[in-house]
Structures are given as structure tokens and as C-alpha cells.
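What follows is a set of notes on a single structure, which appears directly below.
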Amino acid sequence: MQAKLKAFIHTYPGALFLIGVLLFVNFYSFSTLTTKPAYWYDEAMNVELARNFADFGKLDLIVAPNTFSGQGALVGSTGYPITVSLAGFFKIFGFGLPQARIFMLLWISTLLAVFFYIAKELWGTRVAYAGTLLIATFAPFYGNGRSVMGEIPGFLFFLCAFYFLEQKKWWQSGLLLGLAVISKPSIFVFLIPAFALIVLCKSETWKNKLIQLIKLGGSSTLALLPFFAIYFDEIARGGLFQNILLHFKNPYEEAGLSALTNIVNNLPTLITSTTFWYLWVMLAVIIFALFIERTLFREHSHLFILAGVYLPLSLFQYLKSLGYLRYLIAAEFLIFILFLITLPALTKFFAEKSKFSWKAPHITAAVIVVTVIMQVIHLFTYANLYSSTKAQETILRVYASSLPSTVGIINVPQVASFIPAFQKYQYLSTYGLSEFGTRMLYLAPEKLPGVIITASGDSELSPEERAILARSYDEDMAFTDGFSIYRKK
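This note's numbering numbers the first residue of the sequence shown as 808 and each following residue consecutively.
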């Protein structure tokens, strides 16, 4: 028996390693699955989109009882590959936040398994093992990955697209590239010029390059077909694509924030954020290794070209945002890969300088081990994964006593996503999505919702709405564990 076990371990070390990593990731995640990170604004909109698609076949938000906004294509920042597949998951396993987060754990686990396989094929065993560990112990992997958002699925599609690009399978690569971009356009749209430049830099005839670009671009557009089918009515009304382009140009314009203002505000974080210091050190290793070992670029030219285009553009996207580090998650993973590819050249250089060249592999291994240990310590101690149960506590409070006929939710999609469609009024106002939904306090007195829920008291209401709220509702002052609740008098 012991001999068979040893033989199995010797034969399938990669499978056993992956099983161990996946067990760690899932056991670590399950203890705080629905609370860490907290169920938040953008994620909640994606969950409601998926719920409505599962129940009604509409990828849109409810703004009044059984009434859709008709602007579903402008809602949320995550594409249909995630929301529609989550809708299918809800169909099978039922609706709930635990189901949504388990669904994302499946994406996380799939990414790690696929990364291990592709990294081993393209960059070798060391990158496969060490890269999987770096990703699995990286705190933002959980902050981004557990939430129902498009970053992790998008990176999975991107990774597969790059793998097929290296295999010269243009149609498969293009389709997966399109899925990556649609999953999270604000993060993965920069892959388009990166992939195009890779093709253009190939040492082939211009005719072949043009054919490859046509195949790549043509298959990428196939990923748009479901989008056109889902939002056919909105597209037919006209103006949709103009509104989408305006949103991505500067979603903060209505709030009076220009891209230049955001850039000026975010520039200091490049030297004050510990996340950036961590990345700067890795980038320094990469650049120095490229300088001392010129063959690295030739061996991995496509990856370095991709990084040369994608990393600066993703950094620019971060700078012109409100400082959301989640925009950098794909860039961080890409830096991990490049760091692991180039690290041996650097350790070899210093080992030879100190006349201990035979120790270079040991130094490389030691650096990787120390890096992983540092990440594990950070994950369990200093990682700032915000935890909260405010949405869950609010829902329990609303339905704890008498069942309201209707519920009005003002700018709290975390709560709105749990309210049934027949019972819900909803109003949202955020960056890129202002004055969206129903201003339910302006309804006729007999139609006012039985319960009103707001994010923080009446601070987001107009003076007239505050007067109506004070005249027609009593605040649940005894409830302090969630959002503000007002019950009709």
C-alpha cells in the first residue's frame, strides 16, 4: 500500500499539488464566504442581473414591481459571460448569496487549475508551481475573486486566449480574447492592441499577418453575438453604443471629476502604496534580468510584447479611476509570471559574481519560498479584506415583523438584489449611472412603499423627498446593524 502511494505521488505530483492548493483556497474561503469581502454595490447589481435573467430571461434591473429599467446594457461593469452563467447556476441550485459566492469559487478554482497547466506548457515547471502558489496566496485574489465580478473569469479567458495564440490557433484565441474583454471591459480592453502588436511583430509576410489579424479580430467579434441577442431591443432604440462609449471615456464626469483630477490625486499612491512597492520590486527584477540576459526576450517575446502594451495602459486606467486597485489584478498576475521567468537570470548573475554559481538554483528557490511565506502572513494578518453583514442584517430586519407589500430601496443594490421583483421599487445613483430607476417617494400617497431603505439616512434625498419621508415614515431607530430602515406610518 505504501509503495503504491509513493508510486502515485511520483507519477502525479502536479495533480496532488493542485489538489492541495485548491483545498487551501476553498477551506480558507468558506469560513467567511459571504462576508469577506463584504457584499458590495457593483457585485449586487451583477447578482440581481443574474437573478432576473434566471427568472425572466431579462438581463436588467427591476425599478418598480415587475418592471424593468430598459437600460440593462448600461448597468454594471461585468459582462454576460459571468451574469448569464450565474443565472444558470441559480436555476440549478437556487438563488442566494452563498450560491453566488460558491459560483465564484468555481471560477477561482478553474483559473488555478488552468493556470498550472498553461504555465507548465508555456513557461516550465517552476513557473507553474511557483506561479500557482503566488496567485493562491495573494490577498487581492480573494478580494477580487470571491465577489461576483469579471476580473477572475476575464483573466481565465485571457490566459486561454494567449495559450491558443502561442499555438497559432487564431479562431480559438480570438473568441476567448473577446470573452475576456466582454467579461470586464475596463480591465481587458487593452488586450486588443497587445494581441494585435504581437501578430504585427511576427517575422512573417504582411499577407500572413493580415490574415492572422482578420481571423483573430473576426472570431473576437463572435463573442459580441450573445450581447446583441440579449439587448436587441435596446440596440434597436438607438444611442446605446454612444452611451457606452461616453461611460468608458469618463464615468465620473457627472460627479464633476475629470480624468486629469483623478490622475493627480492617484499619482502619490505610486510611491505610498505597499502594493505598488511590491510590484516595483518585481518589475525591477524583471527589467534588470532582461538587461543582463538578452535571450529572455527572444525566448518569451510574445509575453514581453503583451506586457509592454498592457501594463502601462492598465496603470493609466487605474490612475484615471478613483484609485481602484482592482483594476490592476490582471497586471499583477502578469508581473508574477514575468518575475518567475526572469528571476533565475538575476540569481545566476549575483551567484556568479560571488563565485557561488552552483548555488543559483537554491537562491531562486529561496526567494520564491520567502515571497510565498510573506504573502501567506499578509493574507492571514494584514490583508484589508473589508468584512460586513450589513445587507444580510437589513434584509432579516425588514422581514422580521410584518411583511411589507412593497419595499423601496434607494441606492442600496446590496439589499435590492434580495427583494422579490413583484415587491420592489429601486433607485440608483452612482458614477456612470445617475438618476436610474424610480423616485418612489414622489409616488401618490396610497402607492408609497411600506418600507423605505436608504444607504445612510436621508442624506441622498432632495429636500422635498426628506419632507415626504419625515411626514409618512418612521425610522427604525432600534436597528443599528445595517442600512437605514423607514416604515410607513
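Ideal placement from N, C-alpha and C gives every residue a C-beta, glycine not left out.
- Note on Lys1231: 16 or more other CB atoms within 10 angstroms of its CB, so buried under the neighbour-count rule.
- According to the DSSP assignment, Ile1226 belongs to no alpha helix (DSSP H), since it is labelled neither H nor E.
- Contact annotation: the region 1128-1137 touches the region 936-952, with at least three C-beta pairs closer than 8 Å.
- Within the region 1063-1105, the alpha helix (DSSP H) runs of at least 4 residues that lie entirely inside it are, in chain order, 1066-1073, 1076-1079 and 1081-1099.
- Contact between Gly1024 and Lys991 does not hold, since the beta-carbon distance rounds to 20 Å and is not under 8 Å.
- Listed as beta-bridge partners of Tyr1293 by DSSP are Ile1259 and Glu1282.
- In the structure shown, the three-state DSSP call for Gln979 is helix.
- DSSP, reduced to helix, strand and coil, places Tyr887 within a helical segment of the structure shown.
- The criterion of a C-beta distance shorter than 8 Å is satisfied by Pro872 and Thr1213.
- Rounded to whole angstroms, the Cβ separation of Ala1262 and Val1219 is 5 Å, and the two are in contact under 8 Å.
- Separation of Glu928 and Tyr819 (C-alpha to C-alpha, rounded to the nearest whole angstrom) is 16 Å.
- For the region 823-863, not one full-length beta strand (DSSP E) segment reaches 3 residues or more.
- Non-local C-beta neighbours of Phe964 in its own chain, meaning closer than 7 Å and more than five positions away in sequence, comprise Leu983, Leu986, Ala987 and Ser990, ordered along the chain.
- Lys976 has its alpha-carbon roughly 48 Å from the corresponding atom of Ile1216.
- Beta bridge pairing from DSSP links Gly1244 with Tyr1234.
- When the alpha-carbon of Ala920 is set against those of Tyr1238, Leu829, Leu1113 and Ile1021, the nearest one is in Leu829.
- An exposed status is given to Cys1008, since fewer than 16 other beta-carbon atoms sit within 10 Å of its beta-carbon.
- The Cβ-Cβ distance between Arg858 and Phe902 falls below 8 Å.
- Cβ contact annotation for Leu1186 (same chain, cutoff 7 Å, sequence separation greater than five): Thr944 and Ala946, in chain order.
- The beta-bridge partner set that DSSP reports for Ile1217 consists of Tyr1234 and Thr1261.
- Considering only Phe1104, Lys1014, Leu1129 and Ile1021, the residue with the shortest C-alpha distance to Val1071 is Leu1129.
- Residue state for Phe945 is assigned as coil, using DSSP reduced to three classes.
- In its chain, beyond the 5 residues on either side, Tyr887 and Ile989 have a beta carbon closer than 7 Å to the beta carbon of Phe1034.
- In its chain, beyond the 5 residues on either side, Leu825, Ala935 and Thr939 have a beta carbon closer than 6 Å to the beta carbon of Phe923.
- Going by DSSP, Val870 is part of the beta strand (DSSP E) stretching over Ile869 to Ala871.
- Our two residues, Lys1127 and Asn1073, have alpha carbons roughly 8 Å apart in a direct line.
- Non-local C-beta neighbours of Val854 in its own chain, meaning closer than 6 Å and more than five positions away in sequence, comprise Ala907, Val955 and Ser1224, ordered along the chain.
- Looking at the DSSP output, Thr874 sits in a beta bridge with Ala871.
- Lys1296 is classed as exposed because its beta carbon has fewer than 16 other beta carbons within 10 Å across all chains shown.
- DSSP, reduced to helix, strand and coil, places Phe902 outside both helices and strands of the structure shown, so it counts as coil.
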